[in-house]
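Student:
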Amino acid sequence: VADKAPHDAMAHEMGHGAGMDTQGMVKDMRNRFFISLVFSLPVFAMEPMGLGEPWLRPPFGLSEDLAMFLLASAAILYPVWPFLVAAWRALRNGVLNMAVLVVLSVGTGYLFSVGATFFFEGQQFYEAASVLLVFILLGHWLEMRARAGASAAIKALLDLAPPRASVFRDGKEVEVATADVVLGDIVVLRPGNKLPVDGEVIEGTSTIDESMLTGESMPVTKRVGDKVIGATINKSGTLRYRSTKVGADTALAQIVKLVQEAQNSKAPAQLLADRASQWLVLAAILIGIATFAVWFWWIGQPLLFAMTLTITVFVIACPDALGLATPMAVMVGTGLGASN
Numbered sequence: 003v004a005d006k007a008p009h010d011a012m013a014h015e016m017g018h019g020a021g022m023d024t025q026g027m028v029k030d031m032r033n034r035f036f037i038s039l040v041f042s043l044p045v046f047a048m049e050p051m052g053l054g055e056p057w058l059r060p061p062f063g064l065s066e067d068l069a070m071f072l073l074a075s076a077a078i079l080y081p082v083w084p085f086l087v088a089a090w091r092a093l094r095n096g097v098l099n100m101a102v103l104v105v106l107s108v109g110t111g112y113l114f115s116v117g118a119t120f121f122f123e124g125q126q127f128y129e130a131a132s133v134l135l136v137f138i139l140l141g142h143w144l145e146m147r148a149r150a151g152a153s154a155a156i157k158a159l160l161d162l163a164p165p166r167a168s169v170f171r172d173g174k175e176v177e178v179a180t181a182d183v184v185l186g187d188i189v190v191l192r193p194g195n196k197l198p199v200d201g202e203v204i205e206g207t208s209t210i211d212e213s214m215l216t217g218e219s220m221p222v223t224k225r226v227g228d229k230v231i232g233a234t235i236n237k238s239g240t241l242r243y244r245s246t247k248v249g250a251d252t253a254l255a256q257i258v259k260l261v262q263e264a265q266n267s268k269a270p271a272q273l274l275a276d277r278a279s280q281w282l283v284l285a286a287i288l289i290g291i292a293t294f295a296v297w298f299w300w301i302g303q304p305l306l307f308a309m310t311l312t313i314t315v316f317v318i319a320c321p322d323a324l325g326l327a328t329p330m331a332v333m334v335g336t337g338l339g340a341s342n
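In this text, residue positions in the sequence shown follow the numbering used here: the first is 3, and each later residue adds one.
1) In angstroms with no decimal places, state the Cα-to-Cα distance between I204 and G227.
2) Suppose the cutoff is 8 Å on Cβ atoms and the five residues either side in sequence are ignored; what does the same chain contact list for G54 look like?
3) Taking 7 Å as the limit between beta carbons, can you name the residues of its chain near I313, skipping five residues before and five after?
4) Could you tell me the boundaries of the beta strand (DSSP E) in which G201 lies?
5) What residue does the beta strand (DSSP E) around Y112 start on, and which one ends it?
6) What do you get for M214, buried or exposed, if any count of 16 or more other CB atoms within 10 angstroms of its CB means buried?
7) Give the straight-line distance between the Cα atoms of L260 and I156, rounded to the nearest whole angstrom.
8) May I have the straight-line CA-CA distance separating R242 from E218, to the nearest angstrom?
9) Find out if the Cβ-Cβ distance for the pair L73, V45 is shorter than 7 Å.
10) Taking the DSSP output, what are the residues bridged to S208?
11) For Y128, does the three-state DSSP call read helix, strand or coil?
12) What number of angstroms, rounded off, separates the C-alpha of V296 from the C-alpha of N33?
13) Among residues of its own chain, excluding the 5 on either side of T293, which ones have a beta-carbon nearer than 6 Å to its beta-carbon?
14) Grab me the residues of L93's own chain with a C-beta within less than 7 Å of its C-beta, minus the 5 sequence neighbours each way, in chain order.
15) Locate the beta strand (DSSP E) running through T234, then write down its first and last residues.
16) So, do the stretch 183-197 and the stretch 230-238 have three or more beta carbon pairs nearer to each other than 8 Å?
17) Could you check the C-alpha separation between F85 and L305 for me, to the nearest Å?
18) Go through its chain and collect everything with a Cβ distance to S208's Cβ below 6 Å, but skip five positions before and after it.
19) I'd like the span of the beta strand (DSSP E) that includes V169, first residue to last.
20) Within its chain, find whatever has a CB closer than 7 Å to the CB of Q125; leave out the 5 residues flanking it on each side and keep chain order.
21) Taking the beta carbon of W299 as the centre, do at least 16 other beta carbons fall within 10 Å, making it buried, or is it exposed?
22) Please classify E177 as buried or exposed, where buried requires at least 16 neighbouring CB atoms within 10 angstroms.
23) Please identify the residue among R149, V222, V133, F120 whose C-alpha is closest to the C-alpha of E66.
24) Is it buried or exposed for P61, if we count other Cβ within 10 angstroms and need 16 for buried?
25) Alpha carbon to alpha carbon, how far is L43 from I257? Give it in angstroms, no decimals.
26) In the DSSP output, what is A179 paired with across the bridge?
27) From A319 to I37, what does the alpha carbon distance come to, in whole angstroms?
28) Confirm, please, whether the CB-CB distance from S132 to V183 is below 7 Å.
29) So if DSSP puts Y243 in a beta bridge, which residue, or which two residues, is it bridged to?
30) Compare the beta carbon distance of R171 and A179 with 7 Å and say whether it is the shorter of the two.
31) Spell out the partners DSSP gives K174 in its beta bridges.
32) Taking DSSP as the reference, what is the three-state secondary structure of I318?
33) Have a look at I291 and S107 and give me their C-alpha separation to the nearest angstrom.
Structure follows, in structure tokens:
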């Protein structure tokens with residue numbers, strides 16, 4: 003049975019509850035993405051973006067600032083929650099990861115915009131913060147789908163083994179669950195049966211379809227003394243073989259273990275992206291502070307102007323592709339490898 007611990011670790015890293023399974027995380031990210039997308043589109047449409055008049059005017063006589071605040075709040079506050087949780091967990095452990103960078107970029111842009119709406123005259127970043135979050139959520143949703151696909155491929159691998167096996171015990175043939183087959187059991191195979199465990203032929207001759215393991219389309223002839231592999235298919239004759247590997251020691255179980263390890267471990271490219279995100283967080287903070295210091299203290303610009311430039315640095319500091327493209331590629335590759 004696939005280990006549940008990696009799913010809990012993944013949920014913890016992504017800011018989800020520990021009990022949420024992979025499909026639950028997929029649905030959660032999908033819902034957050036579409037909510038953010040639906041409310042971000044009108045925010046984007048109401049932003050002139052230097053092109054003159056905006057494409058959309060606020061309805062019901064609302065002011066443009068208030069409409070942007072309401073729409074951006076709906077596009078950000080609920081969808082960004084997993085990143086807030088993940089960022090808090092990371093900071094509590096002294097780690098600067100992609101979630102911290104997302105919260106820094108989206109959070110500062112949104113909070114500064116709220117201040118510019120209600121408390122002071124300043125530039126608003128509603129459109130930048132909400133659209134940035136849409137792309138980040140899209141990447142995480144696709145990543146979750148890839149993880150779910152790899153998990154489904156692992157389940158398909160586990161299903162290759164037959165649920166029951168015919169063995170000789172106490173001088174007679176009995177049917178037992180595959181999990182109950184022990185080392186040294188004599189397994190009886192008839193044409194069309196799947197081999198429940200690995201073993202060595204002690205009686206009979208047959209052809210075995212080993213394409214599951216080797217990819218070889220032609221059946222392989224097995225005689226007394228030959229090794230046979232669990233989850234392969236007996237094509238013709240009747241065989242008896244002695245089990246030599248059962249449970250987690252079978253070739254199939256080892257394949258599943260390798261796929262799970264590949265899925266739940268991080269590739270060198272992912273580790274590089276994680277390290278880069280830590281440096282990016284530090285760089286964003288330092289450059290933001292330096293920007294404020296230069297414009298406010300050295301050049302002598304007003305506080306609001308210096309703050310606006312600082313927030314601009316924070317908003318543009320989130321390269322979502324760095325933390326999303328690499329894990330997506332790895333997880334899709336793992337799923338394809340498992341299914342093939």
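Where is the CB? At the ideal position from N, CA and C, for every residue including glycine.
Tutor: Concretely, from the data shown:
1) For the purposes of this step, residue 204 is taken as the residue at position 202 of the sequence shown. For the purposes of this step, residue 227 is taken as the residue at position 225 of the sequence shown. Distance between the alpha carbons of I204 and G227 is about 6 Å.
2) One-based indexing of the sequence shown puts residue 54 at position 52. Unreliable placement is indicated for G54, whose pLDDT of 48 sits below 50; the coordinate value is still reported in the next sentence. Apart from the 5 residues on each side of it in sequence, G54 has no Cβ closer than 8 Å to any other Cβ in its chain.
3) Against the sequence shown, residue 313 aligns to sequence position 311. Within the same chain, I313 has close Cβ partners T110, G111, F114, F127.
4) Taking the sequence shown and counting its residues from 1, one reaches residue 201 at position 199. First-last of the beta strand (DSSP E) with G201: 200-205.
5) For the purposes of this step, residue 112 is identified with residue 110 of the sequence shown, where counting begins at 1. Per DSSP, Y112 lies in no beta strand (DSSP E) segment; the continuous alpha helix (DSSP H) that holds it begins and ends at 100-120.
6) Taking the sequence shown and counting its residues from 1, the one referred to as residue 214 is at position 212. Counting Cβ neighbours within 10 Å, M214 comes out buried, since at least 16 surround it.
7) Start at 1 with the first residue of the sequence shown, and residue 260 comes out as number 258. Start at 1 with the first residue of the sequence shown, and residue 156 comes out as number 154. Rounded to the nearest angstrom, the two C-alpha atoms are 10 Å apart.
8) Within the sequence shown, the letter at position 240 stands for residue 242. Within the sequence shown, the letter at position 216 stands for residue 218. Answer to the nearest angstrom: the Cα atoms are 23 Å apart.
9) Working through the sequence shown from its first residue, we reach residue 73 at position 71. Working through the sequence shown from its first residue, we reach residue 45 at position 43. Yes. Within cutoff.
10) Counting from one through the sequence shown, the residue named residue 208 turns up at place 206. According to DSSP, S208 bridges with K224.
11) As a working mapping, residue 128 is identified with position 126 in the sequence shown. In this structure, Y128 counts as helix in the three-state DSSP scheme.
12) Counting from one through the sequence shown, the residue named residue 296 turns up at place 294. Counting from one through the sequence shown, the residue named residue 33 turns up at place 31. Going from the Cα of V296 to the Cα of N33 covers about 42 Å.
13) The residue you call residue 293 lines up with position 291 of the sequence shown. Same-chain partners within the cutoff: L311, T312, V315.
14) Sequence index remark: in the sequence shown, residue 93 carries index 91 (1-based). Answer for L93: V102, listed in chain order.
15) Walking along the sequence shown from the start, residue 234 turns up at place 232. Per DSSP, T234 lies in no beta strand (DSSP E) segment and is marked neither H nor E.
16) yes
17) Counted from its first residue, the sequence shown places residue 85 at position 83. Counted from its first residue, the sequence shown places residue 305 at position 303. Roughly 30 Å separates the two Cα atoms.
18) Position 206 of the sequence shown, counted from the start, is the residue given in the question as residue 208. Cβ neighbours of S208 beyond the five flanking positions: K224, N236, S238, G239, L241.
19) By one-based count along the sequence shown, residue 169 stands at place 167. Following the DSSP letters along the chain, one finds V169 inside the beta strand (DSSP E) bounded by residues 166-171.
20) As a position in the sequence shown, residue 125 is number 123, starting the count at 1. Here Q125 has A118, T310 as same chain residues with Cβ atoms under 7 Å from its own Cβ, once five neighbours each way along the sequence are excluded.
21) Numbered from 1 along the sequence shown, position 297 holds the residue referred to as residue 299. With fewer than 16 other Cβ atoms from the protein chains shown falling within 10 Å of its own Cβ, W299 counts as exposed.
22) Translated into positions along the sequence shown, residue 177 becomes position 175. Its Cβ having fewer than 16 others within 10 Å, E177 is exposed.
23) Numbered from 1 along the sequence shown, position 64 holds the residue referred to as residue 66. It is F120 whose Cα lies nearest to the Cα of E66.
24) Counting from 1 along the sequence shown, the entry for residue 61 is found at position 59. Under this definition P61 is an exposed residue.
25) Here residue 257 refers to the residue found at position 255 of the sequence shown. Here residue 43 refers to the residue found at position 41 of the sequence shown. Approximately 45 Å, taken between the alpha carbons.
26) As a first step, residue 179 must be located in the sequence shown, where it is residue number 177. A179 is bridged by DSSP to R166.
27) Taking the sequence shown and counting its residues from 1, the one referred to as residue 319 is at position 317. Taking the sequence shown and counting its residues from 1, the one referred to as residue 37 is at position 35. Distance between the alpha carbons of A319 and I37 is about 24 Å.
28) Locating residue 183 in the sequence shown gives position 181, where the first residue counts as 1. Locating residue 132 in the sequence shown gives position 130, where the first residue counts as 1. Between V183 and S132, the CB-CB gap reaches or exceeds 7 Å.
29) In the sequence shown, residue 243 corresponds to position 241, counting from 1. Its beta-bridge partners are V189, V203.
30) For the purposes of this step, residue 171 is taken as residue 169 along the sequence shown, with counting starting at 1. For the purposes of this step, residue 179 is taken as residue 177 along the sequence shown, with counting starting at 1. Contact flag unset, no.
31) Counting from one through the sequence shown, the residue named residue 174 turns up at place 172. Note: K174 sits in a beta bridge opposite R171.
32) Numbered from 1 along the sequence shown, position 316 holds the residue referred to as residue 318. DSSP places I318 in the helix class (H, G or I) of the three-state scheme.
33) Your numbering for residue 291 matches position 289 in the sequence shown. Your numbering for residue 107 matches position 105 in the sequence shown. Their backbone Cα atoms lie some 14 Å apart in a straight line.
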